[in-house]
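Protein sequences, first through last, are from chains A and B. When the count follows my numbering, it moves up by one through the first sequence with no breaks and lands on 146 for the last residue. When the count follows my numbering, it moves up by one through the second sequence with no breaks and lands on 136 for the last residue. Step one of this worksheet: look at the structure below.
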Amino acid sequence: MLDSAHAGEATLLISADVNFLVVIRRFVQAAAVNFGLTATAIDDLVQAVDELSANIILHGYAGAPGQIEVRCRAEGGGVTVRLRDQAPPFDPTTRADPNLGVPLEQRPVGGLGIYLSRKMVDELRYRRLPSGENELTLVKRAATAA
Amino acid sequence: MNVTVEVAQGRVPVTVLAVHGDLDASTYQALIATARAQVAAGASHVLLDLSDVPYISSAGLVALHSAAVLVQGKQPPDPEAGWTAFRTMGRDIEQGRQVGVKLLSPQPSVMRVLDTSGMAQFFEIHTDRAAAIASF
Numbered sequence: 001m002l003d004s005a006h007a008g009e010a011t012l013l014i015s016a017d018v019n020f021l022v023v024i025r026r027f028v029q030a031a032a033v034n035f036g037l038t039a040t041a042i043d044d045l046v047q048a049v050d051e052l053s054a055n056i057i058l059h060g061y062a063g064a065p066g067q068i069e070v071r072c073r074a075e076g077g078g079v080t081v082r083l084r085d086q087a088p089p090f091d092p093t094t095r096a097d098p099n100l101g102v103p104l105e106q107r108p109v110g111g112l113g114i115y116l117s118r119k120m121v122d123e124l125r126y127r128r129l130p131s132g133e134n135e136l137t138l139v140k141r142a143a144t145a146a
Numbered sequence: 001m002n003v004t005v006e007v008a009q010g011r012v013p014v015t016v017l018a019v020h021g022d023l024d025a026s027t028y029q030a031l032i033a034t035a036r037a038q039v040a041a042g043a044s045h046v047l048l049d050l051s052d053v054p055y056i057s058s059a060g061l062v063a064l065h066s067a068a069v070l071v072q073g074k075q076p077p078d079p080e081a082g083w084t085a086f087r088t089m090g091r092d093i094e095q096g097r098q099v100g101v102k103l104l105s106p107q108p109s110v111m112r113v114l115d116t117s118g119m120a121q122f123f124e125i126h127t128d129r130a131a132a133i134a135s136f
């Protein structure tokens with residue numbers, strides 16, 4: 001499939017509303033197909049973006065109006081998704097990996113969604129931009145089996 | 001997302017909730033509400049048919065867990081305080097499989113999420129509807 005992969009990038013700017021999560025999922029799915037990821041890798045990437053976007057909407061913006069920018073780019077033999085939002089600082093990468101043997105009540109807030117995200121991508125990085133935005137970068141490599 | 005309800009007769013009446021569509025942060029509360037209404041109407045054996053669910057997120061897992069808690073006659077955590085549901089889920093998963101709510105035919109991508117999250121330990125999962133109904 002990589003023979004037919006297209007290079008380039010695509011960006012979606014969308015209201016931070018749980019009713020629009022399906023639009024984010026369809027967008028990432030379409031971009032990932034176009035960039036040549038295999039079906040399982042696409043599912044994983046879409047799930048991770050959905051979980052993290054839901055966290056931005058529900059915990060970052062906490063229901064207040066806002067936008068999320070979703071940029072998908074083909075690079076390094078895989079797909080990189082960058083999420084940017086203007087909610088208060090929230091870094092999911094500092095949340096400790098939940099131990100599934102530990103009762104969930106002892107896990108941090110939003111733990112399960114973040115845990116699933118981190119398990120489904122090869123890299124997850126966070127930084128706070130000087131502009132006052134949160135930026136999450138997810139990398140899913142084509143060759144990795146989930 | 002919509003849920004269709006049917007009562008099938010096995011050894012006991014089994015309420016089959018067939019979920020159609022994605023179970024994400026925008027739809028999971030509707031499934032909990034349907035489960036709540038069915039329990040209020042007397043349902044004590046529930047089969048969740050997931051054959052038409054292409055996608056489930058952690059919010060959807062909360063709905064599955066809440067349905068099981070409701071059928072046990074208890075109150076699930078308030079979805080508005082959604083993250084506290086995860087506390088209860090951990091305790092309940094530790095107690096092992098419950099039998100009030102069972103799952104039917106999760107799609108492969110959904111099954112992966114059930115396995116990865118540990119939720120598969122909490123439910124009997126069937127792939128044949130007749131066998132599922134007879135198992136209650």
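The beta carbon of each residue, even a glycine, is placed where N, CA and C say it ideally should be.
Query                                                                                                                                                                                 : Result
Give the residues of chain B in contact with A/Val22, contact being defined as C-beta atoms less than 8 Å apart.                                                                      : Asp22, Asp24 and Ser26
Measuring straight from C-alpha to C-alpha, what distance separates A/Ser117 and B/Ala130?                                                                                            : 35 Å
Nearest CA to the CA of A/Pro65: which residue from A/Asp17, A/Arg25, A/Glu75 and A/Phe90?                                                                                            : A/Asp17
Cutting at 6 Å between CB atoms, please list the residues of its own chain near B/Ser51, excluding the five before and the five after it.                                             : Ser105
Can you find a C-beta in chain B that's less than 8 Å from the C-beta of A/Ala54?                                                                                                     : yes
Apart from the five residues just before and just after B/Pro13, which ones in its own chain have a Cβ nearer than 6 Å to its Cβ?                                                     : Val7
Where in the region 27-102 of chain A do unbroken runs of the alpha helix (DSSP H), each at least 4 residues long, occur, reported from the N-terminal end onward?                    : 39-55
Using the C-alpha atoms, what's the distance from B/Val110 back to B/Asp22?                                                                                                           : 10 Å
Does the distance from the CB of A/Asn55 to the CB of A/Gly132 come in under 8 Å?                                                                                                     : no
Going residue by residue through the region 107-138 of chain A, where are the continuous alpha helix (DSSP H) segments of at least 4 residues, counting only ones entirely within it? : 111-120
On a CA-only basis, which of A/Asn34, A/Gly60 and A/Arg25 is nearest A/Ser45? Give me that one, please.                                                                               : Contrary to the premise, residue 45 of chain A reads as Leu rather than Ser in this sequence. The option with the nearest alpha carbon to A/Leu45 is A/Arg25.
Between which two residues does the alpha helix (DSSP H) harbouring A/Ala5 extend?                                                                                                    : No alpha helix (DSSP H) contains A/Ala5, which DSSP labels as neither H nor E.
Got a sec? Which residues, its chain only, sit under 6 Å from B/Tyr55 by beta carbon, not counting five neighbours each side?                                                         : Asp22
Can you pull the chain A residues whose beta carbon is under 9 Å from the beta carbon of B/Ala67, in chain order?                                                                     : What B/Ala67 touches in chain A: nothing, since even the nearest Cβ is about 17 Å away.
Can you name the start and end residues of the alpha helix (DSSP H) that B/Glu114 belongs to?                                                                                         : Per the sequence shown, the amino acid found at residue 114 of chain B is Leu instead of Glu. Start and end: Pro108 to Ser117.
Closer than 8 Å, Cβ to any Cβ of chain A: which residues of the region 27-39 of chain B, in chain order?                                                                              : none
Rounded to whole angstroms, what is the Cα-Cα separation between B/Ala120 and A/Gly78?                                                                                                : 30 Å
Using a C-beta to C-beta distance shorter than 8 Å, which residues of chain E count as neighbours of B/Leu61?                                                                         : As a matter of chain content, chain E is missing from the structure shown, whose protein chains are A and B.
Under 8 Å, Cβ to Cβ, is there at least one residue of chain B near A/Val139?                                                                                                          : no
My output table needs one value for A/Ser15: the three-state DSSP class, helix, strand or coil.                                                                                       : strand
Could you spell out the range, first to last residue, of the beta strand (DSSP E) harbouring B/Val16?                                                                                 : Pro13 to His20
Short of 6 Å in beta carbon distance, which residues of its chain neighbour B/Ala25, apart from the five on each side in sequence? Order them along the chain.                        : Ala59
For B/Gln107, collect the residues of the same chain with a Cβ closer than 8 Å to its Cβ; drop the 5 residues on either side in sequence, then sort them by chain order.              : Leu50, Ser51, Val53 and Pro54
Anything in chain A within Cβ reach of B/Val16, meaning under 8 Å, just list it in chain order.                                                                                       : Near B/Val16 there are no residues of chain A at all, since even the closest Cβ is about 25 Å away, more than 8 Å.
In angstroms with no decimal places, state the Cα-to-Cα distance between B/Val69 and A/Tyr115.                                                                                        : 23 Å
Which whole-angstrom value describes the C-beta separation of A/Tyr126 and A/Pro88, a residue pair presumed to lie in contact below a C-beta threshold of 8 Å?                        : Not quite, the Cβ-Cβ distance comes to about 13 Å (not below 8 Å), so this is no contact.
Return no unless some Cβ of chain A is closer than 8 Å to the Cβ of B/Thr116.                                                                                                         : yes
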